[in-house]
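Participant: First residue of the sequence shown: 1222, per our numbering; consecutive thereafter. One structure follows; several queries about it will come next.
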Amino acid sequence: MSLINKLLDKLTEYLRLKGEKLKLDIIAQVSRLLAHVLAFLFLGIIAFFLFIFLSLAAGAYLNVLLESEYYGHLIVAGVYLILLIIIFLLLRTNRIQNWLESVFINISENIDTDEQ
């Protein structure tokens, strides 16, 4: 019986260590994914503010060129309205969703290759 008890002890220890390794692997993957998400979020916030300030600058510049107080801003807003309509039409054809899915798949594959 001693040999069977030792074997059972080794088996339970092995299973416990395997479970801990699995838990640590999951934590590592979630941490890497969270780091990527936070980095993209940070870059997105910076890009958003850059976009806003460049839009204001473009509107002000067009105002000076057109010698108007508001035409420049209306032109910039019109360009964004056209872009919004184009994006809306692309969303209805699922092209943007397909593109985003491929981007996320590539990111997850890159995370997996970084892990190895």
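Think of the CB as a built atom: it goes at the ideal place given N, C-alpha and C, for glycine as much as any other residue. The model shown is predicted, which means the values in this text are computed figures rather than measured ones.
Per DSSP, what kind of secondary structure is residue 1289 in: helix, strand or coil?
Facilitator: coil
Participant: Look at the alpha carbon of residue 1282 and the alpha carbon of residue 1248, and state the distance between them as a whole number of angstroms.
Facilitator: Between residue 1282 and residue 1248, the alpha-carbon positions lie close to 50 Å from each other.
Participant: How would you label residue 1297, buried or exposed, when you count the other beta carbons within 10 angstroms and need 16 or more for buried?
Facilitator: buried
Participant: So, is residue 1293 buried or exposed, given that buried needs 16 or more other C-beta atoms within 10 angstroms?
Facilitator: buried
Participant: If I measure Cβ to Cβ from residue 1311 and keep anything under 7 Å in the same chain, skipping five residues before and after, which residues do I get?
Facilitator: 1317
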